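**Q** Residue numbers (my numbering), protein chains in the order written: chain A, 41 to 312; chain B, 821 to 1039. All C-beta atoms in this analysis are idealised placements derived from N, C-alpha and C, irrespective of residue type, glycine included. Remember, it's a predicted structure, so these values are computed and weren't measured experimentally.
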Amino acid sequence: ARYCPRLPSSFIDYARHMPKKYVERMKRTVPKKVFGGRFGAPDVVEWKVHPEDYEENGARPWEQEKVSKNLEKENRYNQAVLGKKYYGLAREVKKKICDKEWHLFMGDRVQIMVGKDKGQQGTVIKVSRETSEVWVENMNCMLEEEMSGAAKYGIDNTFRWKEKGLSVLNGDVMLVDPNDEEPCNTEWVLSPDGSEYLRKSARSGFEIPIPSQALVTYEYIQPDKYMEVEGKDTKSTVVLTRTYIPKMATFADEVCEQHGIAPQPRPITYWY
Amino acid sequence: QMIRSIVSTLAPATRTTTVARRGFMQMFFDDEANFNQPELRPKKRPGRSWTSDELRLKSNTDLHKLWFVCLKERNMLLTMKKAYSSKARYMPNPERIDRVDETMEAIKEVVDERDEAVLRLETGDGAKPPQRTVTSFMGFTYKQEASEHLTKDGKKEFEVPMLDEDAYMMQKLWAEKEHMKKLERHDEEIRKEFQTDNMRRFKRGGPRTFNKQIPYKMF
């Protein structure tokens, strides 16, 4: 059998099983109204948030901070459209690193190369592919107040140390080679049997395995330990058993045959 | 693996219920344990949608059964969504509806693929209706799917090589408008390039003197 391995950086994500339409709806980059039937002219699309206007930051589109920002943006954009005012789309600064060059995952051991925590090592707690940023536990922290503007309401403000994102593009973090516990450059190399891609340190050639924390998703903590829901989920053994036998009959004809429905005589039709 | 269900491929379609509260209408409602929850418990959360590769393993009969299982699930979820919104509450895990939709789209994709293959082998033309180029009264030329007719002599739209006066004028004006839009977009890009951080923050004009070494991309 021939293997078609995929780069782990292309499919490993906390939200990999989230439906794409749901993510789009949460980002609000969906059409509000589509004016079609324009006799060949392109459709006029009214957007909630224009796809080119969407600003990426580290948060997921369904997290509270992002949801409120997207709603604000939707409001501003639609007010400008209604008032026929000029609305400048957000400045697009492309920061996404391609899958081939991305090698950081949740739970990885990395070393900070800049800032006051320079030289220290820590574990990755959050990854944002769109902005090429990585959050490391207790590293690169900034004092932040719990509630901004609390003094106005007379509430005593509490401060806490909150991690800031580290840019992978600028080389703020580097993966640590388990061999000598020093930062190293990594490459994606096909395994000897050609079944999967491995990340190898450029210095020692040592394979750095992907941490199990990286495979955690909203649905499961470990893929093997997923709890199947009775009555809603199909068992994987049932899913992977092949029942398809190709036949020279269309779907409708085959199903009718199975149910014992006699084929109806079809009149001659003309397509134009 | 956790995938949306074929409840059973061989067992009968009806499910026995121990609690027949609503009787026949029970199929339109979710599990009582899931009512008014902010988020479903992991044991009650259905899994991901079927991928088209997994569906390609299944026979047409299985796909036919799965379609109706998905349809019933979708009806239940949409009923619950309506019920929640009528009470001004949020539905827990609304991505369930998108997952079912994804599965149904994938089933249709696989079925269309199989039909296309069979019909192409048998007839030479695929399952999809032929696409014809058509000119509208405004002069736009676009592709349109042919429709089925019982008679040969129905009204047929054609692609027209020469446009009449109005359509010709319309196309000229449209092209001019698109050209101006393109120029404006280009100008906008140039303007953004020359903007500095201070200009963005204070919304004031840029430096009064220009460095003549910068190449003028606008011309």
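(1) If you draw a straight line from the alpha carbon of B/Glu942 to that of A/Ala289, how long is it in whole angstroms?
(2) Alpha carbon to alpha carbon, how far is A/Ser212 from A/Arg239?
(3) Can you tell me where the beta strand (DSSP E) with A/Asp217 in it begins and where it stops?
(4) If you draw a straight line from the C-alpha of B/Arg1011 to the C-alpha of B/Phe1022, how long is it?
(5) Compare the C-beta of B/Gly946 with all C-beta atoms of chain A and state if any pair is closer than 8 Å.
(6) Is it right to say A/Ala120 is buried, meaning 16 or more other beta carbons lie within 10 angstroms of its own, or is it exposed?
(7) When DSSP labels each residue in this structure, what does A/Cys181 get in the three-state scheme?
(8) Alpha carbons only, please: which of B/Glu859, B/Phe855, B/Ala853, B/Asn854 is nearest the one belonging to A/Glu259?
(9) Just by C-beta distance, which residues in the stretch 874-887 of chain B are closer than 8 Å to chain A?
(10) Which runs of the alpha helix (DSSP H) fall wholly inside the stretch 954-1033 of chain B and span at least 4 residues, in chain order?
(11) For B/Arg952, does the three-state DSSP call read helix, strand or coil?
(12) Where do the N-terminal and C-terminal ends of the beta strand (DSSP E) with A/Leu230 fall, by residue?
(13) Tell me whether the beta-carbon of B/Leu970 lies closer than 8 Å to the beta-carbon of A/Pro91.
(14) If the cut is a Cβ gap below 8 Å, which residues of chain B does A/Trp69 touch?
(15) Could you tell me which uninterrupted beta strand (DSSP E) segments, each at least 3 residues in length, are contained entirely in the stretch 235-285 of chain A, listed from first to last along the chain?
(16) Just checking: is the beta-carbon of B/Ser869 within a distance shorter than 8 Å of some beta-carbon in chain A?
(17) Under a CB-based cut-off of 8 Å, is A/Phe79 close to chain B?
(18) Counting C-beta neighbours from all protein chains within 10 Å, is the total for B/Thr837 16 or more, i.e. buried, or is it exposed?
(19) Under three-state DSSP, which class holds A/Gln160?
(20) Against A/Gln253, what residues of chain B qualify as contacts under a CB-to-CB distance less than 8 Å, listed in chain order?
(21) Between A/Met182, A/Lys166, A/Arg282, A/Pro232, which has its C-alpha nearest A/Ile52's C-alpha?
(22) Is the beta carbon of A/Glu114 closer than 8 Å to that of A/Val89?
(23) If I follow the unbroken alpha helix (DSSP H) through A/Val89, where does it start and stop?
(24) Rounding to the nearest angstrom, what Cα-Cα distance links A/Glu141 and A/Ser50 in this structure?
(25) Alpha carbon to alpha carbon, what distance is there between B/Ile927 and B/Leu891?
(26) Decide if B/Leu830 is buried, meaning its Cβ has at least 16 other Cβ atoms within 10 Å, or exposed.
(27) So if I threshold CB-CB distances at 7 Å, which residues from the stretch 982-1011 of chain B count as touching chain A?
(28) Name the chain B residues that come within less than 8 Å of A/Pro91, Cβ to Cβ?
(29) Touching or not, the stretch 223-243 of chain A and the stretch 198-205 of chain A, by the rule of three or more beta carbon pairs under 8 Å?
(30) Let me confirm a value: A/Ala232 is counted as buried when at least 16 other C-beta atoms fall within 10 Å, else exposed. Which label applies?
(31) Thinking C-alpha only, which one of A/Pro71, A/Gln160, A/Leu111 is nearest A/Asp83?
(32) When the Cβ atoms of the stretch 272-281 of chain A are set against those of the stretch 857-873 of chain B, are three or more pairs found closer than 8 Å?
(33) Which of the three DSSP states is assigned to B/Tyr904 in this structure?
(34) Rounded to whole angstroms, what's the CA-CA distance from A/Val164 to B/Leu877? Just pull it up for me.
**A** In brief:
(1) 9 Å
(2) In the sequence as presented, Ser is not what sits at residue 212 of chain A; that position holds Asp. Rounded to the nearest angstrom, the two C-alpha atoms are 19 Å apart.
(3) 213-217
(4) 16 Å
(5) no
(6) exposed
(7) strand
(8) B/Glu859
(9) Glu874, Arg876, Leu877, Lys878, Ser879, Asn880, Thr881, Asp882, Leu883, His884
(10) 985-1014, 1017-1022
(11) strand
(12) 226-230
(13) no
(14) Per the sequence shown, the amino acid found at residue 69 of chain A is Thr instead of Trp. Within chain B, no residue comes near A/Thr69; the closest Cβ sits about 15 Å away, beyond 8 Å.
(15) 237-241
(16) yes
(17) yes
(18) Residue placement at B/Thr837 is flagged as unreliable, the pLDDT there being 48, under the threshold of 50; a coordinate-derived value is accordingly withheld.
(19) coil
(20) None at all; the shortest Cβ gap to chain B is about 18 Å.
(21) A/Lys166
(22) yes
(23) Taken as a continuous stretch (DSSP letters only), A/Val89 belongs to no alpha helix (DSSP H), as it is neither H nor E.
(24) 11 Å
(25) 12 Å
(26) The predicted position of B/Leu830 is uncertain, since its pLDDT is 38 and thus under 50; a value taken from the coordinates is nonetheless stated next. Classification for B/Leu830: exposed.
(27) none
(28) In chain order: nothing, as chain B lies at least about 15 Å away.
(29) no
(30) Going by the sequence as given, residue 232 of chain A is Pro instead of Ala. Exposed, by the Cβ-count rule.
(31) A/Pro71
(32) yes
(33) helix
(34) 39 Å
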